[in-house]
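S.K.: Numbering (the UniProt record's numbering), first residue to last: 1 to 55.
Using N, Cα and C, we set each Cβ at its ideal position, and we do this for glycine too.
Please see the structure below; I have some questions.
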């Protein structure tokens with residue numbers, strides 16, 4: 001399986017940290033980067049949940 005649970009969790013955390021840094025730098029929540037990263041978090045969250053249920 002290409003997406004291991006640990007790998008997905010690491011990606012999720014990295015995106016959360018990216019969002020935090022972008023907020024600190026004054027980036028608006030409605031900016032393209034923030035919207036894209038929020039979408040990525042949603043998708044990763046669903047994958048993580050699915051893998052955890054399958055354990």
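Taking C-beta to C-beta, are residue 37 and residue 19 nearer than 7 Å?
M.R.: By 1-based counting over the chain shown, the position of residue 37 is 37. By 1-based counting over the chain shown, the position of residue 19 is 19. A contact, by the Cβ cut-off of 7 Å.
S.K.: Check residue 29 in the structure and name its three-state DSSP category.
M.R.: Position 29 of the chain shown, counted from the first residue, corresponds to residue 29. DSSP places residue 29 in coil when its eight states are reduced to three.
S.K.: Can you grab the Cα-Cα spacing for the pair residue 13 / residue 46, in whole Å?
M.R.: As a first step, residue 13 is located in the chain shown; it is residue number 13 there, counting from the start. As a first step, residue 46 is located in the chain shown; it is residue number 46 there, counting from the start. Whole-angstrom Cα-Cα distance: 14 Å.
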